[in-house]
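Asks:
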Amino acid sequence: MSTSAGELLDGSAAARRAASQILAEPRFHQPEVPRPLHGVLATIGRAVQVPLTGLQSLVDKLATILPGGVAGAWILLAALALIAAIVTSRRVAHRGLAATASPRAPGPTSAAELERLAAAAQDAGQLDEAVRLRFRAGLTRLGQRETFAGAPTRPTLQIARALDSPEFDSLAHRFDEIAYGSSPATADDVDQQRREWPQILRAGGPPRPAGGES
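If you read the sequence shown in numbering that gives the first Met the number 0, its first letter stands for residue 0, the second for the next number, and so on.
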C-alpha cells in the first residue's frame, strides 16, 4: 500500500507536537529555586562596589605620579593605613589608661589600698591585675607631688616628658602591653614595679604638704 505525501506531512507534524509536549514536561527543565536574599545581597554588592571603584580610581591616579606605578600606589596606601591604625590604637590606649587610673572610677583610690590589693592579687597568681593596681598606686603617689598634680588622669606621655625617667618609660610601656595588649604579665613585671616605683617617686620630688591640697 502506498503512502501519500499528505499523510507523511501529517505524521511529521504529529511527531513534532508529541516531541514538544514531552520536552515541555517539568523533568526536562531546571526547577525555580527560591532566592529570598537575592535583593539584599545585590544591594550589599552595589554598596561595596562604590568605594572599591573610588579606591581603584585613586590608585590609578597615584600610579601616574609615583615610582613603581600601581604597585607603588598600593604600597603607599597600605603604609598610610598602618600608620593610621597605630596612631588610633595608641590614642585609645592612653585614653583607657586615664579612665583606668582616674580617682573618679569605681573602686579604691588611695595608693595604700591599691598597693594592698596589688599584693593580694600577686599572692593569688593574678599577675596582670597586680601590675595594673600597682601602676595605679604609683600614679596616685606621683600625683601627690606638686609638679605632677592629677597624675592619675594625665596621659602617660605627658608624665614621661616631665619625669624624663627611663624607669617610668619602661614601666609605662609594659603597663600598656599588659593592660591593653595581649602580653601577659610575669613575676618579673611585678617585681620591676615594686623595685622601680620608689626611684620614680624620689625623682618626682617630695610630696606636697597636707595643707597644699585644694
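A virtual CB, placed ideally from N, CA and C, is assigned to each residue, including glycine.
Counting along the chain, where does the alpha helix (DSSP H) carrying D168 start and finish?
Replies: Looking at the DSSP string, the run of the alpha helix (DSSP H) that includes D168 is 165-179.
Asks: Exposed or buried, D122, counting other C-beta atoms within 10 Å across all chains shown (16 or more means buried)?
Replies: Exposed: under 16 other Cβ atoms inside 10 Å.
Asks: Here's the rule I'm using: 16 or more other beta-carbon atoms within 10 Å means buried, otherwise exposed. How should L170 be labelled?
Replies: Under this definition L170 is a buried residue.
Asks: Tell whether a beta-carbon distance below 8 Å holds between A159 and R133.
Replies: Not a contact, by the Cβ cut-off of 8 Å.
Asks: Buried or exposed, going by whether 16 or more other CB atoms sit within 10 Å of the CB of I64?
Replies: The residue in question, I64, is exposed, as its Cβ has fewer than 16 Cβ neighbours within 10 Å.
Asks: Under a Cβ-count criterion, where at least 16 other Cβ atoms within 10 Å of its own Cβ denotes burial, should R187 be classed as buried or exposed?
Replies: It should be pointed out that residue 187 corresponds to Asp in this sequence rather than to Arg. D187 comes out exposed.
Asks: Quick one: Cα of P105 to Cα of A136, how far?
Replies: Unreliable placement is indicated for P105, whose pLDDT of 48 sits below 50; no coordinate value is reported for it.
Asks: Just checking R201 against the ligand NAP - is the residue's beta carbon closer than 7 Å to any of the ligand's heavy atoms?
Replies: Only the bare structure without any ligand can be found here, which leaves the ligand NAP out of the picture.
Asks: How many Å lie between L57 and I177 at the Cα?
Replies: Distance between the alpha carbons of L57 and I177 is about 39 Å.
Asks: Give the secondary structure of G53 by DSSP, where H, G and I count as helix, E and B as strand, and everything else as coil.
Replies: Helix.
Asks: Using DSSP with H/G/I as helix, E/B as strand and the rest coil, what is R15?
Replies: It is helical.
Asks: Is the CB-CB distance between L113 and T139 below 8 Å?
Replies: Yes, the Cβ-Cβ distance between L113 and T139 is below 8 Å.
Asks: Quick one: is D190 buried, meaning 16 or more other Cβ sit within 10 Å of its Cβ, or exposed?
Replies: That one is exposed.
Asks: Quick one, are the C-beta atoms of A129 and A120 less than 8 Å apart?
Replies: Closer than 8 Å, so yes.
Asks: What does the Cβ neighbour count give for Q299, buried or exposed, with the cut at 16 atoms within 10 Å?
Replies: Because the chain is modelled from 0 through 213, residue 299 falls outside the range shown and cannot be assessed.
Asks: Out of R131, T108, D168, point me to the one whose CA is closest to Y179's CA.
Replies: Measuring from the Cα of Y179, the nearest candidate turns out to be R131.
Asks: If you reduce the DSSP assignment to three classes, tell me which class Q191 lands in.
Replies: Helix, per DSSP.
Asks: If I'm right that L75 touches L61 with Cβ under 8 Å, what's the distance once you round it to whole angstroms?
Replies: Right, the Cβ-Cβ distance comes to about 7 Å (below 8 Å), so this counts as a contact.
Asks: Ignore the nearest five residues each way along the sequence and tell me which others in S109's own chain have a CB closer than 8 Å to its CB.
Replies: Within the same chain, S109 has close Cβ partners T139.
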